[in-house]
Amino acid sequence: MIPLDTPLRELREQCREAGAELRAHALAVDADPAGTAHLDLPILALVRSASTPKDFRTDSAVDDGGYSDSCLSRVVAGVELARGDAGVLCANTGPSLAGVAVDTLGSPEQRELFYETIADGRAWTFFGMTEPAHGSDATAMESRLDAAGDPADGYLLSGTKRYVGNASRGAIGVVFARTGRTPLSIRGALIRQPAPGFHGEPLDMIGLRGARICRLAMDEVPVPREMLLGAHLPASRRGLWGISRTFNAMRLQIAALALGTALGTRDYVVEQRPNWSGHEVMSARLDAATALLYESAAAVDLQPDAVRPPSTAKLHITDLAVRTSRWAARALGPGALLEHPLLEKWSRDVLAFEFMDGTSNIQRLHITHDLSSRKVRT
Amino acid sequence: MRDTLMACEAAAHDGGFTPGLELALRTVDTAVPPGRVTALPADRVPAGAVVVPHRLAALEGVAFVTSAPAGPEPAHAQGDHRTVFAALLGAVRVGVSRRLLDDAVAHLSGRAAGGEPLIRKQLVLGTVADVITALDAVRQLLCVAHRVPRAVTDAHDRITALDWDTAKLFGASGFLADGPVRGAYVGRLAADCWTDREDVQP
Ligand SMILES: Cc1cc2nc3c(=O)[nH]c(=O)nc-3n(C[C@H](O)[C@H](O)[C@H](O)COP(=O)(O)OP(=O)(O)OC[C@H]3O[C@@H](n4cnc5c(N)ncnc54)[C@H](O)[C@@H]3O)c2cc1C
Chain A
1 MIPLDTPLRE LREQCREAGA ELRAHALAVD ADPAGTAHLD LPILALVRSA STPKDFRTDS
61 AVDDGGYSDS CLSRVVAGVE LARGDAGVLC ANTGPSLAGV AVDTLGSPEQ RELFYETIAD
121 GRAWTFFGMT EPAHGSDATA MESRLDAAGD PADGYLLSGT KRYVGNASRG AIGVVFARTG
181 RTPLSIRGAL IRQPAPGFHG EPLDMIGLRG ARICRLAMDE VPVPREMLLG AHLPASRRGL
241 WGISRTFNAM RLQIAALALG TALGTRDYVV EQRPNWSGHE VMSARLDAAT ALLYESAAAV
301 DLQPDAVRPP STAKLHITDL AVRTSRWAAR ALGPGALLEH PLLEKWSRDV LAFEFMDGTS
361 NIQRLHITHD LSSRKVRT
Chain B
1 MRDTLMACEA AAHDGGFTPG LELALRTVDT AVPPGRVTAL PADRVPAGAV VVPHRLAALE
61 GVAFVTSAPA GPEPAHAQGD HRTVFAALLG AVRVGVSRRL LDDAVAHLSG RAAGGEPLIR
121 KQLVLGTVAD VITALDAVRQ LLCVAHRVPR AVTDAHDRIT ALDWDTAKLF GASGFLADGP
181 VRGAYVGRLA ADCWTDREDV QP
């Protein structure tokens, strides 16, 4: 395993301790994903602050323990927090993926608007990409940004999205849609709620219910010109292609959530069966997965465009996490999932990570892309 | 026994997990589960029974009820009943799994990536072929070994893994509580109540 330096080890310990605070709210958030009591947790306030760029933090004196320094530090923290409960972590307010989009594609004014809107710490954000008919193949999306009757009025956004976290309750977010036919014409629009013609509604999901996954209907939602992201960037980096570079780092965060859930599950089994050595192989696999994830994050820190390390980490860890949850149920005997509600909740939550930031098949395609595009040797 | 197993599978394939469970319980109604919890169709829950609340099970029309544990070493006849019932439940789950796979194939036939239907992608076809094959193998396993506790447990473990392979084919629609994956998940919870093991493999 790559050695963690002292600050990273301290960050890991602090986040591991804080995970226990998250866990105390785990079942409540699963039962009532609309609840807000968890938002008062100090650790969630710290995560909100740490995931906000330093210039926009309301309290610039907050010490985030190095959380925001690197991909590796975010992964180290993410694993330990999700080890407490990934569902509560995903139920947090804050910039989240929309923040990444605004930081990557937004002008200084757009970033200011975004971070001002969520400055009170009680506002969720949303990131609308997936559509009912187009998920993995986002370049085929159908949502449109049509020029308004008077071009000075900007655009009208129409279409439907699905599986968009917090679309029903987010104060501000980014929605992707096309201004024309080519992939380069897919652009992000900054949307503030409420907005005329914009309606998000929660979907009943099997797990990770705190993420508040929604369907989104958009009917000629006005998008003033200044709310279209990326106008100041070169054409190739203005829209979908500009943001897709950041998916590498996001993918590692999803792998961190999966690994944390698996470690929490293993910890739970060990607590229930204190003198049982039957966890050794599973524990070793999880340690190896942690090493794989840390190494992948370090590789992305060195080379942000490296595709293979985050994809191998995500492919392996999402699968291992699902296997860990099945192993835990077997380890605790007949009916264990019904007798241990946290374990049962995690066995549902852990399935979510497969679908977030690229399914396993999409990771397989990323991992072998350079092989499949090689010329045949004659 | 083969006919009974096939009937349970057909009931679940046609109507879902709950009708399959109903038929399995009508066939072997004296079996006692190894743990404290068992699955019943919601309309069969006896008055006064303690129900473990479960949202997805309730949506599926299934209730999990607690009873006194029967202990790990039942009398021979009881153990035999238990294994046979678990095998019937396995057949029910094979029916649910086939139904799920049918739905997945229909779902993927209507979606495309890069202009090609998802059902024609080789990675997808590989999974579909593997699941079809493994379900055939599990069905045979249940027929030949429905009185062998470890074999029946193995069949359930394999069904759980296969259902997840199929669920992934749905993309996020496989994660909807009112979607087709729910029945498979509730079936897994029910199976967990009926499978016991000394040796827990990772
Ligand atoms: C908890 C959760 C949170 C989410 N949050 C958001 C969010 O905030 N915003 C948002 O926009 N979306 C979000 N999503 C949606 C997610 O991004 C999509 O589910 C994902 O992109 C997959 O798309 P899909 O579900 O349409 O599946 P599809 O793309 O329809 O895939 C179906 C199946 O086909 C396979 N497949 C697809 N293409 C290929 C190919 N080329 N070759 C081989 N196999 C292929 C897939 O692996 C899968 O098995 C979320 C989903 C979940 C579950």
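As they're listed, the protein sequences go chains A and B.
Heads up: the first sequence begins at 1 in the UniProt record's numbering, then just goes up one per residue.
Heads up: the second sequence begins at 1 in the UniProt record's numbering, then just goes up one per residue.
Cβ coordinates follow ideal geometry from the N, Cα and C atoms, glycine included.
Between the CA atoms of residue j and residue i - distance to the nearest angstrom
i, j, result
"B/G110", "B/P117", "7 Å"
"A/I115", "A/P224", "In the sequence under discussion, the amino acid at residue 115 of chain A is Tyr, which differs from the Ile named in the question. About 18 Å."
"A/L214", "A/M205", "Note that residue 214 of chain A is Cys in the sequence shown here, rather than Leu. Roughly 9 Å separates the two Cα atoms."
"B/H13", "B/R98", "6 Å"
"A/S96", "B/A184", "32 Å"
"A/L320", "A/G260", "11 Å"
"B/L100", "B/G171", "13 Å"
"A/E344", "B/V52", "12 Å"
"B/C143", "B/M6", "9 Å"
"A/I43", "A/R83", "14 Å"
"B/R2", "B/G15", "20 Å"
"B/C193", "A/T36", "34 Å"
"B/V32", "A/R348", "27 Å"
"A/R273", "A/Y294", "29 Å"
"B/V45", "B/T66", "11 Å"
"A/A167", "A/E201", "7 Å"
"B/G114", "A/S296", "29 Å"
"A/A189", "B/D196", "54 Å"
"A/V307", "B/L162", "29 Å"
"A/V269", "A/Q14", "23 Å"
"B/C8", "A/S236", "57 Å"
"residue 393 of chain A", "A/D150", "Lying before the first or after the last residue shown, residue 393 of chain A is absent from chain A, which here runs from 1 to 378."
"A/G78", "A/Q110", "27 Å"
"B/I119", "A/S360", "16 Å"
"B/A58", "A/W327", "25 Å"
"A/L338", "A/P33", "21 Å"
Residues near residue i by beta carbon distance below 7 Å, same chain, minus five either side
i, result
"A/A140", "H134"
"B/P41", "T18, L21, E22, G61, V62"
"A/P132", "T160, R162"
"A/F198", "I191, M218, V221"
"A/S283", "R266"
"B/A104", "T166, L169, F170"
"A/H232", "S107"
Beta strand (DSSP E) segment containing residue i, residue limits
i, result
"B/V32", "Taken as a continuous stretch (DSSP letters only), B/V32 belongs to no beta strand (DSSP E), as it is neither H nor E."
"A/S158", "155 to 165"
"A/G19", "A/G19 -> not in any beta strand (DSSP E); alpha helix (DSSP H) instead, spanning 6 to 23."
"residue 441 of chain A", "Since the first residue shown for chain A is 1 and the last is 378, residue 441 of chain A is missing from the structure and cannot be characterised."
"A/V175", "170 to 178"
"A/R215", "213 to 223"
"B/P41", "37 to 41"
"A/P319", "For the sequence presented, residue 319 of chain A should be read as Asp rather than Pro. From DSSP, A/D319 is part of no beta strand (DSSP E) but of the alpha helix (DSSP H) over 308 to 331."
"A/F127", "124 to 128"
"residue 438 of chain A", "Since the first residue of chain A shown is 1 and the last is 378, residue 438 of chain A is not available in this structure."
"A/R144", "144 to 147"
"B/V51", "50 to 52"
Close beta carbons around residue i, own chain, < 6 Å, minus the five adjacent residues each side
i, result
"A/M129", "A138, F176"
"A/S311", "Q363, H366, I367"
"A/A336", "A329"
"B/G187", "F17, R93, V96"
"residue 203 of chain B", "Any question about residue 203 of chain B goes unanswered here, given that chain B covers just 1 to 202."
"B/A49", "V65"
"A/R94", "According to the sequence shown, residue 94 of chain A is Gly rather than Arg. R48, S51, listed in sequence order."
Residue range of the alpha helix (DSSP H) that includes residue i
i, result
"B/W194", "181 to 194"
"A/A289", "280 to 302"
"A/A250", "According to the sequence provided, residue 250 of chain A is Met. The question's Ala does not apply to it. 247 to 272 is the extent of the alpha helix (DSSP H) around A/M250."
"B/A63", "Taken as a continuous stretch (DSSP letters only), B/A63 belongs to no alpha helix (DSSP H), being part of the beta strand (DSSP E) at 62 to 66."
"A/H199", "No alpha helix (DSSP H) contains A/H199, which is instead part of the beta strand (DSSP E) from 198 to 202."
"B/D14", "2 to 15"
"B/R197", "Looking at the DSSP string, B/R197 is not in any alpha helix (DSSP H), and its letter there is neither H nor E."
"A/L228", "It is not in any alpha helix (DSSP H) - A/L228 carries neither H nor E in the DSSP assignment."
Residues near residue i by beta carbon distance below 8 Å, same chain, minus five either side
i, result
"A/L8", "G66, L72, S73, V76"
"A/L292", "T312, A313, H316, I317"
"A/A171", "T117, I118, A123, W124, T125, R192, Q193"
"A/T262", "Sequence check: residue 262 of chain A is Ala here, not Thr. So the list reads L286, A289, I317, L320, A321, T324, S325, V350, once near-sequence residues are dropped."
"B/V138", "G90, V94, A155, R158, I159, L162"
Cutoff 8 Å: residue i Cβ touching any chain D Cβ
i, result
"B/V181", "Going by chain labels, chain D is absent from the structure shown, which instead holds the protein chains A and B."
What are the start and end residues of each continuous alpha helix (DSSP H) run of 4 or more residues lying completely inside the segment 99 to 173 of chain B, in chain order?
Counting only runs that start and end inside the segment 99 to 173 of chain B, the alpha helix (DSSP H) elements of at least 4 residues fall at 122 to 144, 149 to 169.
Scan the segment 32 to 99 of chain A and note each continuous beta strand (DSSP E) run of 3 residues or more that stays entirely inside, going in chain order.
Listed in chain order, nothing qualifies, since the segment 32 to 99 of chain A has no complete beta strand (DSSP E) run of 3 or more residues.
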